[in-house]
Ligand SMILES: [Zn+2]
Ligand SMILES: [Zn+2]
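Numbering (this note's numbering), first residue to last: 62 to 265.
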């Protein structure tokens, strides 16, 4: 199978342990607190969970580095966006796109019991509607389980404004890295039709 085909079949439990890409074992206690542990496949323990769970604004670089140790996160840090998402970004422009991030997180994972939790963020290109959805898998803000074990936020309660704003900063770091060619301001439909979409994304 080619790499492109494999990418279409991404699952949360995928691993490539020999290349440092794991999937972590997670326990949830009676109070909805998560205690993540070693890789369920190979037993590796590369994550400093205590440090990541502090959710420090000044330690976001470290958190991002840690996210790359999980197969599915790393995959979405590398994955190219579909056309629909690129056009979504152009219709907003960088400033408005980044401003929209907290509201998007609020709507998808902000409530105590989010609608269809665990299914609200599609992984298939033909279902993904906007850049936030790629970002959410990459930053573990896709559902309350991933949020719970990566960011140390229990299920079953609303997110605070401080948490939303911290998570939005990580998502916006992702968007800036992934879309270096995105203009600051929105484009018209005519401008979008003429825009060379290939210059929007980073090329790694
Ligand atoms: Zn592993
Ligand atoms: Zn998730």
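Note that the Cβ used here is the ideal one computed from N, Cα and C, for glycine as well. Because the structure is a prediction, the values reported are computed rather than measured.
Ligand 2 and residue i: does the residue's C-beta get closer than 7 angstroms to at least one heavy atom of that ligand?
| i | result |
| --- | --- |
| residue 206 | yes |
| residue 203 | yes |
Would you identify the three-state DSSP class for residue i, choosing helix, strand or coil?
| i | result |
| --- | --- |
| residue 187 | coil |
| residue 117 | coil |
| residue 100 | strand |
| residue 247 | coil |
| residue 83 | strand |
| residue 256 | coil |
| residue 151 | helix |
| residue 89 | strand |
| residue 131 | strand |
| residue 123 | helix |
| residue 176 | coil |
| residue 75 | coil |
| residue 28 | As shown, the chain starts at 62 and ends at 265. That puts residue 28 outside it, with no answer to give. |
| residue 158 | helix |
| residue 207 | helix |
| residue 262 | coil |
| residue 220 | coil |
| residue 181 | coil |
| residue 278 | The structure shown has nothing for residue 278, since the chain only spans 62 to 265. |
Any heavy atom of ligand 1 closer than 7 angstroms to the Cβ of residue i?
| i | result |
| --- | --- |
| residue 249 | no |
| residue 102 | yes |
| residue 76 | yes |
| residue 198 | no |
| residue 106 | no |
| residue 212 | no |
| residue 129 | no |
| residue 83 | yes |
How about residue i and residue j: are their beta carbons less than 8 angstroms apart?
| i | j | result |
| --- | --- | --- |
| residue 151 | residue 256 | yes |
| residue 97 | residue 235 | no |
| residue 182 | residue 169 | yes |
| residue 83 | residue 100 | yes |
| residue 120 | residue 112 | yes |
| residue 162 | residue 179 | no |
| residue 215 | residue 149 | no |
| residue 73 | residue 103 | no |
Name the DSSP beta bridge partners of residue i, please?
| i | result |
| --- | --- |
| residue 95 | 89 |
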